[in-house]
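Throughout, the numbering used here is defined as the position within the sequence shown, counted from one, plus 42.
Built from N, CA and C at the ideal position, the CB exists for glycine as well.
Structure first, then comments.
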Amino acid sequence: MPLPKAPKQRASRLDVSSYANDLSPTPLNEPPATPPPVAATAEVVQLPTPVARAAGGASATQAKTAKPSKPATAPKAASGTRSRKPTGPTKLFVLDTNVLMHDPMCIFRFEEHDVFLPMITLEELDGHKKGMTEVARNVRQVSRDLDTLAASLEGAGVEEMVKGLPLGSTGHREALGRLFFQTTPINATLPQALPQGKADNQILAVVQSLKDQQPGREVVLVSKDINMRIKARALGLPAEDYRNDKALEDSDLLYTGVQALPADFWERHGKTMESWQQGGTTFYRISGPLVPSLLINQLVYLEAPGATPLYAKVTEITGKSAVLKTLKDYGHQKHAVWGVAARNREQNFALNLLMDPECDFVTLTGTAGTGKTLMTLAAGLSQVLDERRYTEIIVTRVTVPVGEDIGFLPGTEEEKMSPWMGALDDNLEVLARGDSGAGEWGRAATNDLVRSKIKIKSLNFMRGRTFLNKYLIIDEAQNLTPKQMKTLVTRAGPGTKIVCLGNLAQIDTPYLTEGSSGLTFAVDRFKGWAHSGHVTLARGERSRLADFASEVL
Numbered sequence: 043m044p045l046p047k048a049p050k051q052r053a054s055r056l057d058v059s060s061y062a063n064d065l066s067p068t069p070l071n072e073p074p075a076t077p078p079p080v081a082a083t084a085e086v087v088q089l090p091t092p093v094a095r096a097a098g099g100a101s102a103t104q105a106k107t108a109k110p111s112k113p114a115t116a117p118k119a120a121s122g123t124r125s126r127k128p129t130g131p132t133k134l135f136v137l138d139t140n141v142l143m144h145d146p147m148c149i150f151r152f153e154e155h156d157v158f159l160p161m162i163t164l165e166e167l168d169g170h171k172k173g174m175t176e177v178a179r180n181v182r183q184v185s186r187d188l189d190t191l192a193a194s195l196e197g198a199g200v201e202e203m204v205k206g207l208p209l210g211s212t213g214h215r216e217a218l219g220r221l222f223f224q225t226t227p228i229n230a231t232l233p234q235a236l237p238q239g240k241a242d243n244q245i246l247a248v249v250q251s252l253k254d255q256q257p258g259r260e261v262v263l264v265s266k267d268i269n270m271r272i273k274a275r276a277l278g279l280p281a282e283d284y285r286n287d288k289a290l291e292d293s294d295l296l297y298t299g300v301q302a303l304p305a306d307f308w309e310r311h312g313k314t315m316e317s318w319q320q321g322g323t324t325f326y327r328i329s330g331p332l333v334p335s336l337l338i339n340q341l342v343y344l345e346a347p348g349a350t351p352l353y354a355k356v357t358e359i360t361g362k363s364a365v366l367k368t369l370k371d372y373g374h375q376k377h378a379v380w381g382v383a384a385r386n387r388e389q390n391f392a393l394n395l396l397m398d399p400e401c402d403f404v405t406l407t408g409t410a411g412t413g414k415t416l417m418t419l420a421a422g423l424s425q426v427l428d429e430r431r432y433t434e435i436i437v438t439r440v441t442v443p444v445g446e447d448i449g450f451l452p453g454t455e456e457e458k459m460s461p462w463m464g465a466l467d468d469n470l471e472v473l474a475r476g477d478s479g480a481g482e483w484g485r486a487a488t489n490d491l492v493r494s495k496i497k498i499k500s501l502n503f504m505r506g507r508t509f510l511n512k513y514l515i516i517d518e519a520q521n522l523t524p525k526q527m528k529t530l531v532t533r534a535g536p537g538t539k540i541v542c543l544g545n546l547a548q549i550d551t552p553y554l555t556e557g558s559s560g561l562t563f564a565v566d567r568f569k570g571w572a573h574s575g576h577v578t579l580a581r582g583e584r585s586r587l588a589d590f591a592s593e594v595l
C-alpha cells in the first residue's frame, strides 16, 4: 500500500492568546473565576518555619483566608499528585530511628502529613550504616533517599531547610507533605528521673518542644519500640506504632483458605448446577449468591450427617458462575503420600495442594503438631524420588534462637545449619521408619538416598540465586519480614515449587507481629491467584500430650 503524499503547504500556528489557560469546564450561569493575587500565592510558598504551619499547615490556612479560585488548583492536578483532598488538619509525625530501620520507605507513607527527623535520629542512623545485615541495608537506603531530597533544594542554606523538603519531589506522588530536619537546638523540660544523654529521651524532648511551639497542631511520635511509646504517653505525649507495614490489623481476618458450604447447598444450587467427569474427577459448575464469596484455589467442603461429604476446590470463576473440582482422598491408606495419610480434613486439603503440579506457591499455617513439616516433606520426597517432577528438595529457615545464642558453629554451610534443622531430622526418621519390610540395610540405603536429595541452605546466601525445578521449603516463615519473603519467593525459576510453613503464634523476630509478618503478607497477597493455595491447619495430630499442652499451657 503506497504512502500518502506529503502536504505541500505548511500549517499556520495559533496565536498564544488562542490557548485556554484553564482546561477545566466552567459551570453554567457562573462567571469565570479570576486567579488569586500574586501576594497570596507567595505567602503560601514561603514558609518560615514548621511552626508557622500549625493547625493544618500554612497552605490550608491561606486557602481559608484568600479563597483561591479553581484555576489556582489546576496546576496541582496537572503535576501528577493525587486529587484527593485532606479531610482534616495535617499532623506532624516525629519518627524514631527504629521506624526508619524497619521500613526505609516510611517517610513517604504519611500521605498529606509532615515528617520531622530529630538530629539524634540521624546520628543513630550513621552508627548503623556499616555491615551486611538487613538493618544496615535499610539505613543506607534511607540515607540515599534523604540525600536525594536534600539535593532537590535550590540553595544550601539553613533558610531553605527550615521551609521543609517536599516529599513528592523525588517521584513519590502519594507523599503530599514535607520533611523537616532539626536545624536548631531543642530546649524542653523533661522529668529529672530521665537521663538526658539517652537517645530515646532526646527524641521525647524534641516531641515535647514541638508540641509547645505548635499548640494548634497535633504532634505525634511514631516508634516501633513499645517502651518508648509507654514513656511518651506517661509524659502526656501522643505516640503511635508504625502500622503501614501491617498486611492486616487483626490476625483473625487472615485468609484461611477453607470455606464451609451452607447446609442447603444442594437444594439452592441443584437446579442450575452442571456436572461432568474428566479423568476420574467430578466437576460442578454452580451459580448464585455463593459465587462472589469464593476465590480461585479456595477449598470448600460440605459435611452433613447421613450424606456423602463433599470436598472440592474452586478452579474457575467466570462472571456469576464458578467451577468446583472434587479432591483426591489422601486419608485413605492406598493414596498415602510416602507412607503418610491425612488424619483430618485440613491435612487432606494441604496434601492436595502440595501434590498439585499447577500450584507453585503453597502456604501452611497452624499450631505445633498439626503436621506441616511432615506432610510437606513427604510430598516433596514423593515428587522428587517417585514422580521425578523436581530434581531435589531445598530446605531453609530463619536462624532465630529460642534461648541464648550458642555462638559460632563449626563446619560447612550445611553443618552450621544442621542444629536448626532438628525438625527435618525428626520427620525424616518418621518417614524412614515407615518401610518396615526393607530390613536394616534397606532402611539405611533409603535414608542415604533421601538425604542425598535434600539440601540445607542458609538465608544469608539466597540473594541473586535462581532455583530451577526445585522443591523449596521455607520453614518457620513467620519470622521473615515482608522484604525477606519477597527476596526468597522471587528466587523461583521455571518448574520450582515453594512451600512456606509457619506458626503465627511463635514469632521470635524483634518488631514483627502477626499482622506484619512476611508469612501474613504472603498469604494475603497471594490469595485468589490461580497457582497458589493456602490452608490453616487447626487440629493437632502429634500426640494427646502435645494437644493438651497447647491448650492449657
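query                                                                                                                                                       : result
Is it right to say residue 174 is buried, meaning 16 or more other beta carbons lie within 10 angstroms of its own, or is it exposed?                       : exposed
Using only the alpha-carbon positions, how far apart do residue 219 and residue 210 sit?                                                                    : 8 Å
Between residue 93 and residue 183, what straight-line distance do the alpha-carbon atoms span, to the nearest angstrom?                                    : Residue placement at residue 93 is flagged as unreliable, the pLDDT there being 38, under the threshold of 50; a coordinate-derived value is accordingly withheld.
Go to residue 36, then tell me how far its alpha helix (DSSP H) extends in each direction, as first and last residue.                                       : The chain is shown from 43 up to 595; residue 36 falls before or after that span and cannot be answered.
Start and end of the alpha helix (DSSP H) containing residue 169?                                                                                           : 161–169
How big is the Cα-Cα spacing for residue 251 and residue 224?                                                                                               : 11 Å
Taking only heavy atoms of the ligand PLP into account, decide whether any of them is closer than 8 Å to the Cβ of residue 261.                             : The model depicted lacks the ligand PLP and carries no ligand whatsoever.
Under DSSP, the alpha helix (DSSP H) around residue 308 begins and ends at which residues?                                                                  : 307–311
By a C-beta neighbour count over all protein chains shown, 10 Å radius and 16 as the cutoff for buried, is residue 190 buried or exposed?                   : exposed
Quick check for students: name the residue ranges of the alpha helix (DSSP H) that lie wholly in the stretch 232–297, counting only runs of 4 or more.      : 241–255, 268–276
Grab me the residues of residue 491's own chain with a C-beta within less than 8 Å of its C-beta, minus the 5 sequence neighbours each way, in chain order. : 427
If I follow the unbroken alpha helix (DSSP H) through residue 152, where does it start and stop?                                                            : Careful: residue 152 lies outside any alpha helix (DSSP H) and carries neither H nor E.
Is residue 304 helix, strand or coil when you go by DSSP?                                                                                                   : coil
In whole angstroms, what is the alpha-carbon distance linking residue 312 and residue 431?                                                                  : 38 Å
In its own chain, which residues sit with a C-beta less than 8 Å from the C-beta of residue 145, not counting the 5 before and 5 after it?                  : 151, 180, 284, 286, 287
Grouping DSSP H, G and I as helix and E and B as strand, with all else coil, what is residue 434?                                                           : strand
Can you look up residue 400 in the DSSP assignment and give me helix, strand or coil?                                                                       : coil
Give a yes or no on whether the minimum CB-CB distance between residue 495 and chain C is below 9 Å.                                                        : The structure shown contains no chain C; it is built from a single protein chain.
Contact check, residue 261 vs residue 134 under 8 Å by CB: the rounded distance?                                                                            : 5 Å
Please report the distance separating the alpha-carbon of residue 119 from that of residue 217.                                                             : Because the pLDDT at residue 119 is just 32, under 50, the model does not fix this residue reliably, and the value given afterwards should be weighed accordingly. Spanning the two alpha carbons is a distance of roughly 14 Å.
Check whether the stretch 580–594 and the stretch 551–571 touch, using three or more Cβ-Cβ pairs below 8 Å as the test.                                     : no
Does DSSP put residue 388 in a helix, in a strand, or in coil?                                                                                              : helix
Between residue 324 and the rest of its own chain, which residues show a CB-CB distance below 7 Å, the 5 nearest in sequence each way excluded?             : 317, 368
Quick check: the Cα distance between residue 293 and residue 226, rounded to an integer number of angstroms?                                                : 43 Å
Among residues of its own chain, excluding the 5 on either side of residue 237, which ones have a beta-carbon nearer than 7 Å to its beta-carbon?           : 243
Report the start-end ranges of each beta strand (DSSP E) in the stretch 187–224 that is 3 residues or longer and not cut off at the edges.                  : 220–223
Please state the DSSP three-state secondary structure of residue 518.                                                                                       : coil
Grouping DSSP H, G and I as helix and E and B as strand, with all else coil, what is residue 323?                                                           : strand
Which two residues bound the contiguous alpha helix (DSSP H) that contains residue 421?                                                                     : 414–423
Classify residue 291: buried if its beta carbon has 16 or more other beta carbons within 10 angstroms, exposed otherwise.                                   : exposed
For the stretch 560–591, list the alpha helix (DSSP H) runs that are entirely contained and at least 4 residues long, ordered along the chain.              : 560–568
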